[in-house]
Structure formats: structure tokens, C-alpha cells
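> Numbers in the working numbering are just positions in the sequence shown, counted from 1, shifted up by 1179.
The beta-carbon is built from N, C-alpha and C at its ideal position, and this holds for glycine as well.
What you are looking at is a predicted structure, and each value in this text was computed from that prediction instead of being measured.
Here it is: the structure, laid out below.
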Amino acid sequence: MPPSSHNAAIEQIYEQHHSWLYGWLKGKLHNACDAADVAHDTFVRLLGARHGAQIREPRDYLATVARGLVIDRYRRNAIEAAYLESLATRPEATAISEEDKALVIETLVAVDKALAGLGARTQRIFMLSQIDGLTYQQIAVNLKVSLTTVKKHMVRALTECALVMAEH
């Protein structure tokens, strides 16, 4: 579809549904600024999708995109809070710039997203190894699986993490 046709379709959807989306998000998020941010991000996502003229149910489509963005926002906030809590509990005073903090949080969010796509068992094995500090043998005993299974899942998880780290 030509860009002008796509942009015209998105402009029409924006004019007809932006205030509804903003109000809907404001009710869900209980924060006008967050609602405005997510509404904006929703339309940015639509602009990038390149199929605006094919959207038949704009409110359903907008709500679906916005829900995904809200989930991403909550996930990011939870990861950021956990990271900041972890920094606060460190015995030595660790000074980190806001830029470095943002980069670390962005990377953690990307790793979390990558791990989420690997399946529950792989996630569990990775967490037991990297967070709880269990050895592969301890994980195998704990989960009643073979050592080979643990190693296989760790290779998958660590490969995904390495790919994320290479992008960041």
C-alpha cells in the first residue's frame, strides 16, 4: 500500500478514536501521563505496521496493541524496581549514571523477553542456575531430569542471552 494511503488511514483512525483510546487507557492505568504515553506509542506502532487501510475494527485493534504496550510497561517497571532494589542492597556504595542505569534496564528487559519465549522449563532451569546459584547437578536432582537435559536447556537460554547482549 502506498505510504500516503496508509498515513491517511491512520490519520482517520487517530481523529476518530484517539480520545476514546486515551480515556480507556486513563481508566485502566489511573494516570493521565501514562495513558497519553501509551496512546501515543499505540499510534506510533500503527504507523510502523503499514496496513492501516486494512483495519476494520479500529477500537479492537487499538485496544489489543495498547494492552500489549501496557503489559510491556508493567514488565519493564517490575524489572527496573528489582534492579534498583538489588543496587540498594549492595554493601558498597555503587554509583551508576542514569544513562548506564537505562542501558542495564533495557538489556534486562530484552533478556526477560528472550527468556519468556523459551518455555517454562528452560526459564526455570536458567533461574535456578543464574539466580539461585544451583549447580547443573543440583538442578537435575531438584527437577528430576537428567544432567543432559539441564545442559541442553542452559545452552538454549545462554545462547538467547548472548544474542540479546550482542544487540545491546
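Could you have a look at M1180 and say whether DSSP puts it in helix, strand or coil?
Its pLDDT being 49, under 50, M1180 is placed unreliably in this model, and the coordinates cannot settle the point.
> Considering only residues of the same chain and omitting the five flanking positions on each side of S1184, which have a CB-CB separation below 7 angstroms?
Once the five neighbours on either side are set aside, the close Cβ partners of S1184 are A1232.
> Would you decide whether S1265 is buried or exposed? Buried here means 16 or more other CB atoms lie within 10 Å of its CB.
exposed
> Can you tell me the Cα-Cα spacing of M1180 and N1256, whole angstroms?
Since pLDDT at M1180 reaches only 49, below the 50 mark, its modelled position is unreliable, and the value read off the structure follows with that caveat. Distance between the alpha carbons of M1180 and N1256: 37 angstroms.
> Measuring CA to CA, which of L1282, A1242 and L1226 is closest to Y1201?
A1242
> At 3 residues or longer, what runs of the beta strand (DSSP E) sit wholly inside the segment 1210 to 1276?
Restricting attention to beta strand (DSSP E) runs no shorter than 3 residues, the segment 1210 to 1276 encloses none.
> Which residue marks the beginning of the alpha helix (DSSP H) containing I1304, and which one marks its end?
A1299 to Q1309
> Determine the burial state of T1221: buried for a count of at least 16 other Cβ atoms within 10 Å of its Cβ, exposed for fewer.
buried
> Beta carbon of I1250, beta carbon of D1291: below 8 angstroms?
no
> Can you tell me whether I1318 is buried or exposed? The criterion is at least 16 other CB atoms within 10 Å of its CB, across all chains shown.
Burial call: buried.
> Name the residue from Y1315, R1229, C1212 and W1199 whose alpha carbon lies nearest to the alpha carbon of R1238.
W1199
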